[in-house]
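These protein sequences, in sequence, are chains A and B.
Take the first sequence: its letter number 242 is residue 242 in UniProt numbering, and every next letter is one higher.
Take the second sequence: its letter number 30 is residue 30 in UniProt numbering, and every next letter is one higher.
Number of protein chains: 2
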Amino acid sequence: MVRRTRRATIYDVAEAAGVSKSLVSLVLRDSPHVSEARRTAVLEAIERLDYRPSQAAAALAGGSSRTVGVVIDDYTNLWFVELLRGLQDGLTSAGLRIAVSDRTLNSHIESDPLDGFLSTRVEALVLATEPTASMRIPPNMPVVVAGNRETEIPGADLAASDDRLGGRLATEHLIGLGHRHIAHVAGGGGASAQRLDGYLGAMRDAGLAPVVVTPSRATTEETGYAGTMTLLEAHPGTTAVFASNDSMAMGALAAARDRGLEVPADLSVIGYDASPLAATHLMQLTTIDSLNREIGAEVATALLSRLTEPGREPVATRLIPQLVERSTTAAPRRRL
Amino acid sequence: MVRRTRRATIYDVAEAAGVSKSLVSLVLRDSPHVSEARRTAVLEAIERLDYRPSQAAAALAGGSSRTVGVVIDDYTNLWFVELLRGLQDGLTSAGLRIAVSDRTLNSHIESDPLDGFLSTRVEALVLATEPTASMRIPPNMPVVVAGNRETEIPGADLAASDDRLGGRLATEHLIGLGHRHIAHVAGGGGASAQRLDGYLGAMRDAGLAPVVVTPSRATTEETGYAGTMTLLEAHPGTTAVFASNDSMAMGALAAARDRGLEVPADLSVIGYDASPLAATHLMQLTTIDSLNREIGAEVATALLSRLTEPGREPVATRLIPQLVERSTTAAPRRRL
DNA sequence: CTGAAAGCGCTTACAG
DNA sequence: CTGAAAGCGCTTACAG
Numbered sequence: 001m002v003r004r005t006r007r008a009t010i011y012d013v014a015e016a017a018g019v020s021k022s023l024v025s026l027v028l029r030d031s032p033h034v035s036e037a038r039r040t041a042v043l044e045a046i047e048r049l050d051y052r053p054s055q056a057a058a059a060l061a062g063g064s065s066r067t068v069g070v071v072i073d074d075y076t077n078l079w080f081v082e083l084l085r086g087l088q089d090g091l092t093s094a095g096l097r098i099a100v101s102d103r104t105l106n107s108h109i110e111s112d113p114l115d116g117f118l119s120t121r122v123e124a125l126v127l128a129t130e131p132t133a134s135m136r137i138p139p140n141m142p143v144v145v146a147g148n149r150e151t152e153i154p155g156a157d158l159a160a161s162d163d164r165l166g167g168r169l170a171t172e173h174l175i176g177l178g179h180r181h182i183a184h185v186a187g188g189g190g191a192s193a194q195r196l197d198g199y200l201g202a203m204r205d206a207g208l209a210p211v212v213v214t215p216s217r218a219t220t221e222e223t224g225y226a227g228t229m230t231l232l233e234a235h236p237g238t239t240a241v242f243a244s245n246d247s248m249a250m251g252a253l254a255a256a257r258d259r260g261l262e263v264p265a266d267l268s269v270i271g272y273d274a275s276p277l278a279a280t281h282l283m284q285l286t287t288i289d290s291l292n293r294e295i296g297a298e299v300a301t302a303l304l305s306r307l308t309e310p311g312r313e314p315v316a317t318r319l320i321p322q323l324v325e326r327s328t329t330a331a332p333r334r335r336l
Numbered sequence: 001m002v003r004r005t006r007r008a009t010i011y012d013v014a015e016a017a018g019v020s021k022s023l024v025s026l027v028l029r030d031s032p033h034v035s036e037a038r039r040t041a042v043l044e045a046i047e048r049l050d051y052r053p054s055q056a057a058a059a060l061a062g063g064s065s066r067t068v069g070v071v072i073d074d075y076t077n078l079w080f081v082e083l084l085r086g087l088q089d090g091l092t093s094a095g096l097r098i099a100v101s102d103r104t105l106n107s108h109i110e111s112d113p114l115d116g117f118l119s120t121r122v123e124a125l126v127l128a129t130e131p132t133a134s135m136r137i138p139p140n141m142p143v144v145v146a147g148n149r150e151t152e153i154p155g156a157d158l159a160a161s162d163d164r165l166g167g168r169l170a171t172e173h174l175i176g177l178g179h180r181h182i183a184h185v186a187g188g189g190g191a192s193a194q195r196l197d198g199y200l201g202a203m204r205d206a207g208l209a210p211v212v213v214t215p216s217r218a219t220t221e222e223t224g225y226a227g228t229m230t231l232l233e234a235h236p237g238t239t240a241v242f243a244s245n246d247s248m249a250m251g252a253l254a255a256a257r258d259r260g261l262e263v264p265a266d267l268s269v270i271g272y273d274a275s276p277l278a279a280t281h282l283m284q285l286t287t288i289d290s291l292n293r294e295i296g297a298e299v300a301t302a303l304l305s306r307l308t309e310p311g312r313e314p315v316a317t318r319l320i321p322q323l324v325e326r327s328t329t330a331a332p333r334r335r336l
């Protein structure tokens, strides 16, 4: 018969170490007011009993879950990975842990994607997704938005890179190579809107005619493929395509191949995000690095400062994106 | 000044609804022993006060976190996404929630990747990663392993697809197309070992000479590229490559291109996993579907049955993988 | 620096 | 069907 062995509690540790329960609690929270001898005794007892503090009890008694909830779009869109990394680096030193919730995965279960987090009593929310009306954010809940979004959350901090500038960088890179017929395959959402804006600005400044297709709000390989096919059909003279993110650029690469165009000789392609995908041997994609890890670090900073000073004015941090030049862009084969 | 408004508790709800606290608790847990009138009153009060039960308090009082911990390798390797989906579908109806922990992300923080879960007092563990010695799994903790692994966990259930059969399927597909010089690019871990085994068996049965390269334990685009380059160098007569997963196959595609080989005319490539990557327009990769969503459902089933009957014998479920034929495999251009 | 007490917000028997 | 009581395992003041 399997008997569920009761896990050790703080009482067991105290008894084993020959101290009071409060002293164990102090050791757990790294209080300096504990003699070295007793600390050692407690630590030894913890090790020996394989004691792990109960998060539930600690949260309930301490009045704080020490957890921040991160809402991401979808596990498939990998931009969040580096963001999480930066966030975690910044938060763990403060003793905060991270809980991740993916909207698409939970969409059929909870009416409000925040329900779970609210029951957990998260200390703060990180929104790495487009905010929607179905998210009922409690008043006074600290919120940091990661990445540029269409909807603004009143009172929330923002950490993002400057997508307008990035869109300009991408476009000017192509212009600098000698391209004149540069098209943009756009998607939905705040980041895409700014990238489009940067593209339009750079084209205008260079006296070039913009060509934009927006196959869908989605920014997937599929929509990138569809958009680029439409584009090449309607504007066969196009020599360069700027796709709103790396996944779409992957589709653009496939469309070029299916139209019999060589990249970069016949068609240059540039993406956005500097995702792991862009770095593969198969793609070798020129892209714009949106510095997601650094954005994660900025989110952590904003979070910690807001937790200590709840009343301060919201701040918006914008990092400067960087061009990452690889093999999918080059001078156009022939001037048109 | 921002004042943290105290969240409503069960007491507030009871008072607002004009009932006792216990009655509220009963309503929350959907007890049938509650009159309709009172239930409605409670539900209304909950809505009005925007009450959310405290997970910490519920877990502490109830002696159960109602959470299962899922350990995955790495967010970048997307095979877990469908697994989670299947798992969640099976678990939420039982009132269990899922917490995900990614090993690489947490590796620099915790010595034991299970630490967080043990503090949360998860009811069970799902291991969607290769178990390691650093994971100290408490005795009597229900464990289900997802996918084939090198190391066996005594007493754990297993849900996986038959990777040996899948390796055979992939190889026999190539043999059936007329290939004779079929190489395998292998990786580390239990699944890869079985896929290799299936390849070796099929080659032996067909009287063909196996050629295996194992560039690394890692199964990434990078290692797939490196392994295929080595392979094509050493065995230029190779007409087909079976890569141990889709990421490696992506690298194989890049290697073929860099060696000036056309796929599938000069070189057929088959992957494994039927990941979203394989379905892209750019890759159109022939692959083996390992049915990850169904594996997730099987994991859920095993978990629920073990939770109700802790003493039962461990079971191993193996699903039958399926060939997904796309554009990267064809008959060899010329018989060698 | 250390110990006894109260309490966090629930659930769980246990009377009525 | 309903209400008062105990207790889950911690943290937090508060005396000593």
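In this text, a Cβ means the ideal position worked out from N, Cα and C, and glycines have one as well.
Check                                                                                                         : Outcome
Through-space distance from A/G271 to A/D246, alpha-carbon basis                                              : 5 Å
Cβ of A/Q55 within 9 Å of any chain B Cβ                                                                      : yes
Cross-chain neighbours of A/M250 in chain B, by beta carbon under 7 Å                                         : T280, L282
Outcome for B/I320 when other beta-carbon atoms lying within 10 angstroms are tallied against a minimum of 16 : exposed
Distance between beta carbons of B/T280 and B/V324, contact taken as under 8 Å                                : The pair is not a contact, with the Cβ atoms about 13 Å apart (cut-off 8 Å).
Enclosing beta strand (DSSP E) for A/R318 [first to last residue]                                             : 316-319
Element boundaries [alpha helix (DSSP H), containing B/S275]                                                  : First-last for B/S275: undefined, no H or E at that position.
Which residues DSSP lists as bridging A/A45, in chain order                                                   : Looking at the DSSP assignment, A/A45 forms no beta bridge with any residue, so it has no partner.
Any C-beta of chain B under 9 Å from that of A/F242                                                           : no
Contact set between B/P276 and chain A, taken where Cβ atoms lie within less than 8 Å                         : T76
Cross-chain neighbours of A/L60 in chain B, by beta carbon under 8 Å                                          : S54, A56, A57, L60
Contacts that A/G116 makes with chain B (C-beta to C-beta distance below 7 Å)                                 : R97
Proximity of B/I182 and B/V144 at Cβ, strictly below 9 Å                                                      : no
Minimum C-alpha distance to A/A274 - residue among A/L78, A/A58, A/S35                                        : A/L78
Span separating the alpha-carbon of B/I10 from that of B/P53                                                  : 7 Å
C-beta neighbour in chain A for B/T151, strict 9 Å                                                            : no
Distance between A/G86 and B/L118 (C-alpha atoms, nearest Å)                                                  : 25 Å
Short-range partners of chain A found in the segment 199-228 of chain B, where Cβ spacing is below 7 Å        : E221, Y225
Assigned exposure category for B/D102 - 16 Cβ within 10 Å defines buried                                      : buried
Where the alpha helix (DSSP H) containing B/A302 begins and where it ends                                     : 292-308
DSSP state of A/A14 mapped onto helix, strand, coil                                                           : helix
Cutoff 9 Å: A/T120 Cβ touching any chain B Cβ                                                                 : yes
Own chain, CB closer than 8 Å to B/L60, minus 5 neighbours either side, in chain order                        : none
Closer than 7 Å at the beta carbon, the chain B residues around A/S65                                         : A56
Span of the beta strand (DSSP E), counted from its first residue to its last, around B/L208                   : Neither: B/L208 is in no beta strand (DSSP E) and is coded neither H nor E.
Contact with chain A by B/P264, beta-carbon distance below 9 Å                                                : no
Own chain residues within Cβ distance below 7 Å of B/V2, not counting five before or after                    : Model confidence at B/V2 stands at a pLDDT of 32, short of 50, so the residue's coordinates are unreliable; what they give is reported in the following sentence. Closer than 7 Å at Cβ, skipping near neighbours: no residue.
Spatially closest choice to B/E15 from B/E36, B/E44, B/D30, B/V34, by CA coordinates                          : B/E44
Cβ neighbours of B/K21 in the same chain (closer than 7 Å, five flanking residues each side left out)         : I10, Y11, A14
Per-residue contacts from A/L49 into chain B (C-beta, under 7 Å)                                              : In chain order: nothing, as chain B lies at least about 12 Å away.
Under 9 Å by beta carbon: chain B residues contacting A/L253                                                  : H281, L282
Buried versus exposed, by CB contacts within 10 Å (16 or more), A/R306                                        : buried
Same chain only: Cβ atoms within 6 Å of A/G190, ignoring 5 sequence neighbours per side                       : N148, R149, E150
Short CB-CB distance (under 9 Å) between B/A45 and chain A                                                    : no
Pairwise C-alpha distance: B/I46 and B/G18                                                                    : 12 Å
Span of the beta strand (DSSP E), counted from its first residue to its last, around B/S101                   : 97-102
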